[in-house]
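Right, one structure below, let's go through it.
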Amino acid sequence: MLREMDQAFVLHSYARNYINFTHAKGAQVWDDQGHAYIDFTSGIGVVSVGHANERVSDAICDQAKKLIHVSNLYLIEPQARLAKSLVEKSGYDMRCFFANSGAEANEGAIKIARKYGEVDGEPKRYKVITLKHSFHGRTISTLKATGQEKMHHYFGPFPDGFVYADTIDHISSLIDDRTVCVMIELVQGEGGVEPQEKARVQQLAKLLKEKDILLAVDEVQTGIYRTGELFASNLYEIEPDIITVAKGLGNGVPIGVVMTTLKDIFSPGDHGSTFGGNYLVTRAAYEVLEILESYKNSGGLDESMLYFEERLAGFVKHYPEIIEKSVEL
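Be aware that the sequence shown starts at 169, since it is given in our numbering, and climbs by one per residue.
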């Protein structure tokens with residue numbers, strides 16, 4: 169009955185596996201037949217502190233009983249606290265805009281770059297360079313920013329101004345007087361878990377700074393301690409102009425964030441989100457961040473990282489034909 173209901177009334181955007189999960193705890197989920205599974209996908213990089221985490225659940229329940237949502241025209245206390253926490257923990261001098269997803273965060277990043285190119289003198293700059301095999305979202309602009317032609321079928325015409333580089337080293341040859349931003353993933357997810365080489369990324373960051381071209385780092389996959397640091401940008405020792413984050417920040421509650429050093433780039437009315445950064449989501453995300461920072465400070469995260477490094481090294485040794493290359497960070 170449930171499967172038929174889904175097939176009849178929900179658009180077929182996903183190749184569903186028709187297991188009906190009913191509850192979860194930590195890394196385990198259970199279906200309606202009582203079978204237990206280990207959730208190796210963590211909801212596609214989302215459930216960063218485990219299913220039904222007690223602290224996050226308590227924060228959500230407590231906030232839901234008080235106040236879930238008001239307009240962003242008013243002060244939202246947990247939003248301000250979360251923004252402060254993200255900025256201070258990152259070590260970057262930035263401000264935050266709150267959205268609902270990674271795609272929305274990347275849309276915000278593109279708008280920041282486009283406005284910067286519009287108001288920063290002549291000639292007006294609008295081109296955004298991304299990498300082939302990248303993934304930045306499924307809205308029209310972020311889909312065009314995604315360097316995968318197979319994903320562009322059926323949805324054109326797209327906005328212009330997006331250019332694709334084969335590699336990090338190829339980017340410099342594509343820069344012209346209309347280039348305003350380079351957007352990259354430091355570890356490509358859909359590109360095959362492809363980490364960029366640290367020295368090359370640092371060289372690129374230096375070049376862009378010299379040319380007054382913005383560096384936007386899409387940390388939707390790599391952010392929120394996925395690489396052992398709050399952001400992969402910290403691990404690569406670079407200072408981006410824009411960082412986007414989502415997925416693991418909310419532990420399943422939908423949230424996206426654009427962080428930027430361009431603190432005054434937006435004026436009232438330039439950008440907005442009805443639900444972005446409301447009481448419920450930012451209260452939950454703040455708790456997630458506190459849990460993960462505590463895990464990091466206790467040494468637990470570093471121990472976990474070392475464990476996986478050792479196990480993956482053994483995997484590479486036994487299955488060298490699967491791994492094309494290894495990158496030191």
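A virtual CB, placed ideally from N, CA and C, is assigned to each residue, including glycine.
Pick helix, strand or coil for I278, following the three-state DSSP scheme. On the sequence shown, position 110 is the one that residue 278 refers to. Helix.
For the candidate residues E358, C349, Q364 and V355, whose alpha-carbon lies nearest to that of K379? Counted from its first residue, the sequence shown places residue 379 at position 211. Ranking E358, C349, Q364 and V355 by Cα distance to K379 puts C349 first.
Output the distance between the C-alpha atoms of I333 and E172, rounded to the nearest integer angstrom. Indexing the sequence shown from 1 puts residue 333 at position 165. Indexing the sequence shown from 1 puts residue 172 at position 4. According to the sequence shown, residue 333 is Ala rather than Ile. Approximately 44 Å between the Cα atoms of the pair.
Quick one: is M351 buried, meaning 16 or more other Cβ sit within 10 Å of its Cβ, or exposed? Against the sequence shown, residue 351 aligns to sequence position 183. Flag for M351 reads buried.
Simplified DSSP assignment, three categories, for V413: Looking up residue 413 in the sequence shown gives position 245. Residue state, collapsed to three classes: strand.
Pairs of beta-carbons, one from the region 266-275 and one from the region 413-430, closer than 8 Å: are there three or more? yes
Using the beta-carbon count (16 or more within 10 Å), is G322 buried or exposed? To locate residue 322, count along the sequence shown from 1; it is residue 154. Note that residue 322 is Tyr in the sequence shown, not Gly. That one is exposed.
Nearest-angstrom Cβ-Cβ length linking Y447 and L241, presumed shorter than 8 Å: As a position in the sequence shown, residue 447 is number 279, starting the count at 1. As a position in the sequence shown, residue 241 is number 73, starting the count at 1. Contact flag wrong, Cβ pair sits at about 14 Å.
Is DSSP giving D345 helix, strand or coil here? Locating residue 345 in the sequence shown gives position 177, where the first residue counts as 1. In the structure shown, D345 sits in coil (DSSP, three-state: anything other than H, G, I, E or B).
Cβ of E362 within 8 Å of Cβ of V369? Here the question's residue 362 lines up with position 194 in the sequence shown. Here the question's residue 369 lines up with position 201 in the sequence shown. Going by C-beta atoms, E362 is not nearer than 8 Å to V369.
Taking the alpha helix (DSSP H) that V296 falls in, what are its first and last residues? As a first step, residue 296 is located in the sequence shown; it is residue number 128 there, counting from the start. It is not in any alpha helix (DSSP H) - V296 instead sits in the beta strand (DSSP E) that spans K295 to L299.
Let me know if Y205 comes out buried or exposed under the rule of 16 or more other beta-carbons within 10 Å of its beta-carbon. Counting from one through the sequence shown, the residue named residue 205 turns up at place 37. It counts as exposed.
Work out the CA separation of D199 and F303 for me, nearest whole Å. As a first step, residue 303 is located in the sequence shown; it is residue number 135 there, counting from the start. As a first step, residue 199 is located in the sequence shown; it is residue number 31 there, counting from the start. When rounded, the distance between both Cα atoms is 31 Å.
Given E407 as reference, the closest of N419, A195 and L375 once Cα atoms are compared: Here residue 407 refers to the residue found at position 239 of the sequence shown. That would be L375, whose Cα lies nearest to the Cα of E407.
On the DSSP letters alone, give me the boundaries of the beta strand (DSSP E) that M427 sits inside. For this step, residue 427 is matched to residue 259 along the sequence shown. Note, M427: beta strand (DSSP E), G424 to T428.
Limits of the beta strand (DSSP E) - the one that H237 falls within: Sequence index remark: in the sequence shown, residue 237 carries index 69 (1-based). From DSSP, H237 is part of no beta strand (DSSP E); its letter is neither H nor E.
Nearest-angstrom Cα distance between F265 and H486? Mapped onto the sequence shown, residue 265 falls at position 97. Mapped onto the sequence shown, residue 486 falls at position 318. The straight-line gap from Cα to Cα measures roughly 45 Å.
Own chain partners of P119 with C-beta closer than 7 Å, once the 5 adjacent residues on each side are dropped: Only positions 169 to 497 of the chain appear in the structure, and residue 119 is not among them; the question remains open.
What whole-angstrom Cβ distance do K312 and L398 have, given they're in contact under 8 Å? Taking the first residue of the sequence shown as position 1, residue 312 is located at position 144. Taking the first residue of the sequence shown as position 1, residue 398 is located at position 230. The pair is not a contact, with the Cβ atoms about 29 Å apart (cut-off 8 Å).
On the DSSP letters alone, give me the boundaries of the alpha helix (DSSP H) that H191 sits inside. Along the sequence shown, one-based indexing puts residue 191 at 23. No alpha helix (DSSP H) contains H191, which is instead part of the beta strand (DSSP E) from F189 to K193.
Which listed residue (V238, D174, E478 and N419) has its alpha carbon closest to that of E458: Here residue 458 refers to the residue found at position 290 of the sequence shown. Nearest of V238, D174, E478 and N419 to E458, Cα basis: N419.
For G391, which residues from the same chain have a beta carbon less than 6 Å from its beta carbon, with the 5 sequence-adjacent residues on both sides left out? Counting from 1 along the sequence shown, the entry for residue 391 is found at position 223. Result list for G391: F399 and V413, in chain order.
By DSSP, does A176 sit in helix, in strand, or in coil? Sequence index remark: in the sequence shown, residue 176 carries index 8 (1-based). Here A176 sits in helix by DSSP.
Between which two residues does the alpha helix (DSSP H) carrying I308 extend? As a first step, residue 308 is located in the sequence shown; it is residue number 140 there, counting from the start. Residues I308 to A313.
Pop quiz: G357 and D470 are said to be a contact at Cβ under 8 Å. What is the actual Cβ separation, rounded to whole angstroms? Numbered from its first residue, the sequence shown carries residue 357 at position 189. Numbered from its first residue, the sequence shown carries residue 470 at position 302. No, G357 and D470 are not in contact; Cβ-Cβ is about 23 Å, not under 8 Å.
Whose CA, out of S216, D207, F189 and A183, lies closest to the CA of E461? Start at 1 with the first residue of the sequence shown, and residue 461 comes out as number 293. Taking only the C-alpha atoms, the option nearest E461 is S216.
Nearest residue (CA-CA) to L430, options A220, I297, K300 and V287: The residue labelled residue 430 in the question sits at position 262 within the sequence shown. The candidate whose alpha carbon is nearest that of L430 is V287.
Buried or exposed for G444, going by 16 or more other Cβ atoms inside 10 Å? Here residue 444 corresponds to residue number 276 of the sequence shown, with the count starting at 1. Result: buried.
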